[in-house]
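Worksheet for the structure shown next.
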Amino acid sequence: MSSPQALEDEQGGGDPPRDLRSVLVTSVLNLELLDEDLFRGRHYWVPSTQRLFGGQIVGQALVAAAKSVSEDVHVHSLHCYFVRKGDPKVPVLYQVERTRTGVSFSVRSVKAVQHGRPIFICQASFQKAQPSPVQHQFSMPTVPPPEELPGHEALINQYLRDPNLQENYRVGLNRIAAREVPIEIKLVNLPTLSQLQSMEPKQMFWVRARGYIGEGDMKMHCCVAAYISDYAFLGTALLPHQWQHKVHFMVSLDHSMWFHAPFRADHWMLYECESPWAGGSRGLVHGRLWRRDGVLAMSCAQEGVIRVKPRDSKSKL
Numbered sequence: 165m166s167s168p169q170a171l172e173d174e175q176g177g178g179d180p181p182r183d184l185r186s187v188l189v190t191s192v193l194n195l196e197l198l199d200e201d202l203f204r205g206r207h208y209w210v211p212s213t214q215r216l217f218g219g220q221i222v223g224q225a226l227v228a229a230a231k232s233v234s235e236d237v238h239v240h241s242l243h244c245y246f247v248r249k250g251d252p253k254v255p256v257l258y259q260v261e262r263t264r265t266g267v268s269f270s271v272r273s274v275k276a277v278q279h280g281r282p283i284f285i286c287q288a289s290f291q292k293a294q295p296s297p298v299q300h301q302f303s304m305p306t307v308p309p310p311e312e313l314p315g316h317e318a319l320i321n322q323y324l325r326d327p328n329l330q331e332n333y334r335v336g337l338n339r340i341a342a343r344e345v346p347i348e349i350k351l352v353n354l355p356t357l358s359q360l361q362s363m364e365p366k367q368m369f370w371v372r373a374r375g376y377i378g379e380g381d382m383k384m385h386c387c388v389a390a391y392i393s394d395y396a397f398l399g400t401a402l403l404p405h406q407w408q409h410k411v412h413f414m415v416s417l418d419h420s421m422w423f424h425a426p427f428r429a430d431h432w433m434l435y436e437c438e439s440p441w442a443g444g445s446r447g448l449v450h451g452r453l454w455r456r457d458g459v460l461a462m463s464c465a466q467e468g469v470i471r472v473k474p475r476d477s478k479s480k481l
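The sequence shown finishes on residue 481 if you use the numbering used here, and the numbering steps up by one all the way, no holes.
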């Protein structure tokens, strides 16, 4: 695996200002060591649902696991289950079990605990770099670069200027604009209000961590990417249905990631998301994170609970 420094020119996009250290590194993913293989994590951003953000728990669990392996191995996959609601009022304890340390592969199991009970379990597998003649990947979709797309704030302002926007949506968009989310997003193929009625369960957006992370340790970039990967992911399954239904309850059940190539999490990456299936009050989503140079950096999959209520016809966009 090459270092993130070697990727700087390949990926493109340049660095954010170096005087703004990413809060994901300084706060969210900066765990407190309590004992051997026991860590405490705190919260930075809590969604309006007042549940802990799943990406935060995944990212913190991967930080804990990575601290128990040697420098010459890197995560290649992780598989997680969310088993209880997280409490945003108290920290999370992460207990690491060194399940196996092998010559090429090592496995770590992580349990996240609050109030004496597990809220999340995860297994992460690490591998020493090994060359292989067997290599292939899909092709990256052709999309406009992030510099040509409006930011999240500009997009929200665009919708807010629409005189036909219902008041309840206006309130919701203002609430979203006020969030201090530590990642940046730029949507590809922005839907108009009328197009929201006939959307496919697919979306693409450019994403990166706010602030500067730097070349640093590849393990930290993977932990930041784990945090990023859960943002707006499950909502892909709701896109064809949001015109007729509003969310009553939506939470992640599980989350898996596979890491394919080194990357910079503070550089723009294209997140390609699609939902091949929904039913039984559940939705399944698949995702691919691409570097700007067309290299497939990661793949993701998630299933979640989606319970909805019919929209009042007067409340439609």
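Virtual Cβ for every residue (Gly too), placed ideally from N, Cα, C.
**Item:** Proximal residues to P295 (C-beta, below 7 Å), its chain only, five neighbours per side dropped
**Value:** The count along the sequence shown starts at 1 and reaches residue 295 at position 131. Cβ neighbours of P295 beyond the five flanking positions: none.
**Request:** Grab the span of the beta strand (DSSP E) containing H409 for me, first residue to last.
**Result:** In the sequence shown, the residue the question calls residue 409 occupies position 245. That run of the beta strand (DSSP E) goes 409-423.
**Message:** Here's the rule: buried if 16 or more other CB atoms are within 10 angstroms of the residue's CB, otherwise exposed. What is W209?
**Reply:** Locating residue 209 in the sequence shown gives position 45, where the first residue counts as 1. Answer is buried; the Cβ neighbour count reaches 16.
**Request:** Would you identify the three-state DSSP class for H405, choosing helix, strand or coil?
**Result:** Locating residue 405 in the sequence shown gives position 241, where the first residue counts as 1. Coil.
**Request:** Using only alpha-carbon positions, find the residue among M421, Y258, F369, R206 that is nearest to R456.
**Result:** Mapped onto the sequence shown, residue 456 falls at position 292. Nearest Cα to R456 within the set M421, Y258, F369, R206: F369.
**Request:** Out of V472, Q224, T265, state which residue places its alpha-carbon closest to the alpha-carbon of Q259.
**Result:** Sequence index remark: in the sequence shown, residue 259 carries index 95 (1-based). Taking only the C-alpha atoms, the option nearest Q259 is Q224.
**Continuous alpha helix (DSSP H) assignments of at least 4 residues falling wholly in the region 244-330** = Counting only unbroken stretches of 4 or more residues, the alpha helix (DSSP H) elements lying wholly within the region 244-330 are 316-324, in sequence order.
**Asked** Taking the alpha-carbon positions, what's the Y435 to F203 distance?
**Response** Here residue 435 corresponds to residue number 271 of the sequence shown, with the count starting at 1. Here residue 203 corresponds to residue number 39 of the sequence shown, with the count starting at 1. The straight-line gap from Cα to Cα measures roughly 30 Å.
**Message:** Can you list, in chain order, the residues of its chain with a C-beta nearer than 7 Å to that of L188? Leave out the 5 residues immediately preceding and following it.
**Reply:** Sequence index remark: in the sequence shown, residue 188 carries index 24 (1-based). The beta carbon of L188 sits closer than 7 Å to the beta carbons of P346, A373, V388, Y391 from its chain, once the five residues preceding and following it are set aside; these are given in chain order.
**Item:** Beta-bridge pairing of K350 - partner residues as DSSP gives them
**Value:** Taking the first residue of the sequence shown as position 1, residue 350 is located at position 186. K350 is bridged to W370.
**Closest by C-alpha distance to L351, when choosing among G380, Y395, P426, S358** = For the purposes of this step, residue 351 is identified with residue 187 of the sequence shown, where counting begins at 1. Relative to the Cα of L351, the nearest Cα in the group G380, Y395, P426, S358 belongs to Y395.
**Prompt:** Is G444 near the ligand SAH, with its Cβ less than 6 Å from a heavy atom?
**Reply:** Looking at this structure, you won't find the ligand SAH or any other ligand, since it has none at all.
**Request:** Per DSSP, which residues does M462 bridge with? Please list them.
**Result:** Here residue 462 refers to the residue found at position 298 when the sequence shown is read from its first residue. M462 pairs with F423, L453.
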